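Just below is one structure, and these are the notes that go with it.
Number of protein chains: 4
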Amino acid sequence: MIIVMNPTATQENLMRVEKKITDAGLTFHLSTGSSRTIVGVIGDKTTIAGLQMNAFDGVEKTVRITEKYKLVSREFHPNDTIVDVDGVKVGGKNMAIMAGPCAVESMEQLLESAKCVKAIGAQFLRGGAFKPRTSPYDFQGLAEQGLKMLREVGDKTNLKVVTEILDVNAIDMISQYADVLQIGARNMQNFELLKTVGRSKMPVLLKRGISATISEWLNAAEYIMSEGNYRVIFCERGIRTYETFTRNTLDLSAVAAIKELSHLPIIVDPSHGTGRWKMVRPMARAAIAAGADGLMIEVHPHPEIALSDGDQSLTPENFKIVMDEVKQIANVMGKE
Amino acid sequence: MIIVMNPTATQENLMRVEKKITDAGLTFHLSTGSSRTIVGVIGDKTTIAGLQMNAFDGVEKTVRITEKYKLVSREFHPNDTIVDVDGVKVGGKNMAIMAGPCAVESMEQLLESAKCVKAIGAQFLRGGAFKPRTSPYDFQGLAEQGLKMLREVGDKTNLKVVTEILDVNAIDMISQYADVLQIGARNMQNFELLKTVGRSKMPVLLKRGISATISEWLNAAEYIMSEGNYRVIFCERGIRTYETFTRNTLDLSAVAAIKELSHLPIIVDPSHGTGRWKMVRPMARAAIAAGADGLMIEVHPHPEIALSDGDQSLTPENFKIVMDEVKQIANVMGKE
Amino acid sequence: MIIVMNPTATQENLMRVEKKITDAGLTFHLSTGSSRTIVGVIGDKTTIAGLQMNAFDGVEKTVRITEKYKLVSREFHPNDTIVDVDGVKVGGKNMAIMAGPCAVESMEQLLESAKCVKAIGAQFLRGGAFKPRTSPYDFQGLAEQGLKMLREVGDKTNLKVVTEILDVNAIDMISQYADVLQIGARNMQNFELLKTVGRSKMPVLLKRGISATISEWLNAAEYIMSEGNYRVIFCERGIRTYETFTRNTLDLSAVAAIKELSHLPIIVDPSHGTGRWKMVRPMARAAIAAGADGLMIEVHPHPEIALSDGDQSLTPENFKIVMDEVKQIANVMGKE
Amino acid sequence: MIIVMNPTATQENLMRVEKKITDAGLTFHLSTGSSRTIVGVIGDKTTIAGLQMNAFDGVEKTVRITEKYKLVSREFHPNDTIVDVDGVKVGGKNMAIMAGPCAVESMEQLLESAKCVKAIGAQFLRGGAFKPRTSPYDFQGLAEQGLKMLREVGDKTNLKVVTEILDVNAIDMISQYADVLQIGARNMQNFELLKTVGRSKMPVLLKRGISATISEWLNAAEYIMSEGNYRVIFCERGIRTYETFTRNTLDLSAVAAIKELSHLPIIVDPSHGTGRWKMVRPMARAAIAAGADGLMIEVHPHPEIALSDGDQSLTPENFKIVMDEVKQIANVMGKE
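Protein chains in written order, with our numbering: chain E, 10 to 345; chain L, 10 to 345; chain W, 10 to 345; chain P, 10 to 345.
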């Protein structure tokens, strides 16, 4: 941590700052410029992280030098992590395709979706049984009945099942049916939920929060890993900006940022990331070209009658077109 | 809902849209302009809310006319609601002052804070026993031990206790000790938690999400009210923007927006809203002048040794200065 | 400037960084922590500002400690500046009220507006003769004809005239008619225009850019002052955020920030800042309570027939109500 | 335009709204729902655009259905436009590569850069002679001397010259030396400058404003085209968001949006778009995969001694790596 004293700070102000640092078992260097003194704090990262220095008289500002996360960082673990989901691998040279409807609506809809996405190349079936909805009056999902359908259809079509968990108390039930637990954007900083999935043995798909910084996202993954669960996959799904033409602004530079800062795999969801089905095609290509390890795409056999997010779902025909192009890009990127 | 057909939409496209509307038990009006046909959908609000029309061929865009929330809206309930917390009133001509440390750290710290804020005019003691922290390695709060201190100190000083709930399973425990349950910014769309406090009999302080729209915030309150709990107080605490000088951008126009759209009371937290203790004073005055029903302010007897958010906490001396000015503004506003 | 070397930086990397610093005539301090070396650069502020260190191998990041602006800073000039506009003062204990229509439309409209705002307490008449409009097909203003009306009406009603300059070549013409030159939000970083008004002898009202940081805004004022013009007044007019209920998000914490960092006066425009006339009233009160030195408010005798921004204009009746309340708040703030 | 009356609107309120519409020579349809009446306005697009209806009593809100731009829209011109720069084509199956240093610093630097980027595949040399800088104390460019170098080096290496115009009065001088005029992000809504380049015969590269919406960007291009200049190329260069890890957030969905709404070509600047040279490589690939017609990339022979933006410049070696990968992606996209 760097502490910048303001130009009017007194010698006594500085001494009190120094005392606080040494009392915490840390050391420091002084750097005295023409108008300001700068204090560099040295020592244990976690102890430094706990220092609250802005409240001291004479302190102009403080600057943190190191991030608090460890287990997620590439500094800690230089090689790419490959997450194994019962034999299906995410990361490295693998291209993970997770596809299916936004919400599970019926056995027919789900089976039709699953057969189609399997045939076109997906390894994972996505579908929500519990839906987080802005209004309490919107369709909230089929709950356990939906989970049963997901498992049955997943087994029939040989697809791994990815589904969202909203409630800490549902962990045992959902774990019976799912292969990957999804943490949705609204829950990225629901720390109880992060700790709960961290204590489970299930792989976790961690979506980026609606306005989460890269650093907050990495720290959310650290919550999961610090409980002992190392199978975490990031999923970029668009962030909130002032732009209204798209539902969110898909931030593909996040793929490059995560690859630089962390060893964990990252996939991209262009369906939520744009909110417009016509944009899924170019953004899916761009995501893979940016270095993503896979895609999560909403596919619905009949988007115009979907109970949720029909606006951004692809028909099977369009999903086929997208995947054909994506495979060519993946080929350039050295993915199999 | 208004459906805008695109200029190349065919007659068949339009007929399929019309059929979807009438199949849903709704009616419509056509308005045919020079280049586009516009379809106005009429009928039950909730049914309309469920329509997914963008996936239809020929549809350019859709525009929602009405919001989905009802119970929170001023349209539904024209007069201001006054929330009664065991005799202390929030809303109307009352000025609610909630003050205290960010986190409960010890009996001494809490009691010293409480006596001071009580003497200066607060009716509520704030303090976190469970702290949502970005990093898993930061201080997470004293848990039930902290709740016990809050209750004991609240009783001793005759202050109502406001404290945050993070975990649905903690509702019974926290309800034993607290007078008001706080939903923090990161949990504003943790719908399980909203439903849980909605089923309790406790007043709820609902902080605005870090990047929540006014509409999402009102819908979050609707989740609580739709479970039968009508004692909801909004709390504006700053939103995330590109500006880095302040921790958040305190959005005081949200006070005016909530007053226009809803009958529920709203208070403002200038401590989190700015993240800089020097700014609490002007922003506290401005909040009351904007029409807020009260304030939530961090006060710590010794901010420089606080375990959490010392950077934005006021000393008792500064809190006194702020309150003296705030009372004069409140007087102009007709508050008592 | 602080340079953070990354954990894998070599001794040679560090030596090249050190050489660059000493070659620039600067000195440095090293602070060697457990995993990273930190280099504190010391010396002339402007020389440091010109250093580009991120391109060096082994550099993880750089952190700027000091801002580049000087003349605008309170550090440089501790006392509040009062800008004198031919005898009417802005700043200090004075309350500057600038009011009038968004655009000058006709002599009748302007005179009616001016008489009304004068009677209610304004000292300045605002009105655009050149209007920056998003679309080329929108009303662009009456140009010099509008300026003549402004001058004539200003003289008749004894109001100072504030009007916007869009074009560097119009400086002489506009200066003949206006008392204060306004730089609009879209031109806050039109550096040619800033230098042009900097070389004039006219007071300048500098609106905050649509998404300008506080630091960029101060630097824009520095452009004006560095050309020799010290009569600069800031005007907060709302920033762009994700919120769509309001046209912009009025950032009243900017008032407190400017007061802390600069000695120049600042006023607030709640009309553009919210885009909704109903919100002008609470936000005008809040602006003064936050410490603003005045207000800029759109008033139109007949908002429903205004050619520009009728949605956010007050009727004379409503302006009267606003001003009555504002005066009471100003009184509390020690303004005259 | 759709006008939504509020539930308490009276019959008289409605009649005044209707009168305003018919007085403007427009017609309307009423759609009466359970709680609200909705008025659909029909007629000439430009006349409708000028209506100011929110100021009327009883009006809850208005919704615009059509955009104001025409010449830029794909609706108006369904086929892709290919911009011809003296024989070098931008758009269609062509890949335009614009590369070179941020600022022109010396003949040696420029010539070395130009030879390198030419050899690696660029057709355009970029370089600023006039630099818009946040602080007046930063390097502002070599002015006409820099332009002369650009022309001489462009001729020597057979590269077209792209350079930024900041000042309307510099149009004749710059046009002597440049092949393409660049409008920078800070000037995207400098309407005088847009009209000036619109009246010239030079191709224009229009960068997206720092926080411009897609709609504002298209309207800015409309300003240029409405003056008779049809050779406009868009350039996405990142938008301002809350994220601080990158300098800007590169919005590649803007490529898809522009392709959907307009017939004009669009290129991407990943150097400014990320501000980090390590991210240029993945984002350049992603831009082409998203459908961009080309790239603008900062290349400097010695980034660590660059006078401007060294942090985001590539060395020639890294530019070569980027271009090799980009060509493979371009190949998949059917670009030559």
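We treat Cβ as the ideally placed atom computed from N, Cα and C, and that holds for glycine. Computed from a predicted model, the values in this text were never measured in an experiment.
Comparing alpha-carbon positions, the option among P:ILE314, P:HIS309, P:ILE12, P:ILE267 lying closest to ALA299 of chain P turns out to be P:ILE267. Legend: CB atoms of the segment 246 to 277 of chain L lying less than 8 Å from CB atoms of chain P belong to residues ARG249, THR250, TYR251, THR253.
Here the C-alpha atom of LYS54 of chain W lies approximately 18 Å from the C-alpha atom of LEU39 of chain E. Residues of the segment 297 to 330 of chain P that bring their beta carbon within less than 8 Å of a beta carbon in chain E comprise ILE297, ALA298, ALA299, GLY300, in sequence order.
Just so you know, the alpha carbons of SER262 of chain P and ALA263 of chain W end up roughly 32 Å apart. Relative to VAL113 of chain E, the option among E:GLU307, E:GLN337, E:GLY343 whose CA is nearest is E:GLU307. With 16 or more other Cβ atoms inside 10 Å of its own Cβ, ALA295 of chain W counts as buried. In terms of Cβ geometry, LEU156 of chain E and GLN132 of chain E do not form a close pair [threshold 8 Å]. As DSSP reads the structure, LEU134 of chain L sits in a beta bridge with L:ALA108, L:VAL170.
Under the three-pair Cβ rule at 8 Å, the segment 146 to 155 of chain W counts as touching the segment 97 to 117 of chain W.
Closer than 8 Å to the CB of SER235 of chain L there is at least one CB belonging to chain E. The Cβ atoms of ALA33 of chain P and LEU60 of chain P lie closer than 8 Å to each other.
Our two residues, GLY137 of chain E and GLY218 of chain L, have alpha carbons roughly 23 Å apart in a direct line. Runs of the beta strand (DSSP E) lying entirely within the segment 238 to 305 of chain W, each at least 3 residues long, are 241 to 245, 275 to 277 in chain order. The three-state reading of DSSP puts VAL341 of chain W in helix, counting H, G and I together.
Annotation: THR71 of chain E has no Cβ neighbours in chain P at a cutoff of 7 Å; minimum Cβ distance is about 16 Å. The contact set of PRO87 of chain W on chain L, defined by CB atoms closer than 8 Å, is empty, because the minimum CB distance reaches about 16 Å. Closest by C-alpha distance to CYS244 of chain E, out of E:ARG256, E:ALA265, E:THR250, is E:ALA265. Rounded to whole angstroms, the Cβ separation of GLU201 of chain P and TYR78 of chain P is 19 Å, and the two are not in contact under 8 Å. For GLU69 of chain P, the closest alpha carbon among the candidates L:ALA315, L:GLU269, L:VAL189, L:PRO310 is that of L:GLU269. ALA33 of chain W is outside the set of residues whose beta carbon lies under 8 Å from a beta carbon in chain L.
For THR46 of chain L, the beta-bridge partners assigned by DSSP are L:THR41. Contact annotation: THR71 of chain P and MET10 of chain P have beta-carbon atoms nearer than 8 Å. The shortest C-alpha to C-alpha distance from THR205 of chain P to any of W:ILE223, W:LYS210, W:LEU227, W:VAL177 is the one to W:VAL177.
When rounded, the separation of the alpha-carbon atoms in ILE51 of chain W and SER43 of chain E is 8 Å. With respect to the 8 Å criterion, VAL289 of chain W and VAL341 of chain L are not classified as neighbours on the basis of their beta carbons. By the CB criterion at 8 Å, VAL331 of chain P and ALA301 of chain P fall outside the cutoff. The Cβ of ASN22 of chain E sits no closer than 8 Å to any Cβ of chain L. Under the Cβ criterion of 8 Å, GLU76 of chain P is not counted among the residues facing chain L. Contacts with chain W at 8 Å (Cβ-Cβ) do not include GLN149 of chain L.
Beyond the five residues adjoining it in sequence on each side, GLU117 of chain L comes within less than 7 Å, by CB distance, of no other residue in the same chain. In this structure, DSSP gives ASP93 of chain W an extended state, which the three-state scheme calls strand. Around SER317 of chain L, the same chain offers CYS111, ALA112, LYS140, PHE148 as residues with beta carbons nearer than 7 Å, after the five sequence neighbours per side are excluded.
Per DSSP, LEU80 of chain E lies in no beta strand (DSSP E) segment and is marked neither H nor E.
Remark: fewer than three beta-carbon pairs, one from each stretch, lie closer than 8 Å, so the segment 178 to 193 of chain L and the segment 220 to 227 of chain L are not flagged as touching.
Counting the other CB atoms within 10 Å of its CB gives GLN321 of chain E a total of 16 or more, which places it among the buried residues.
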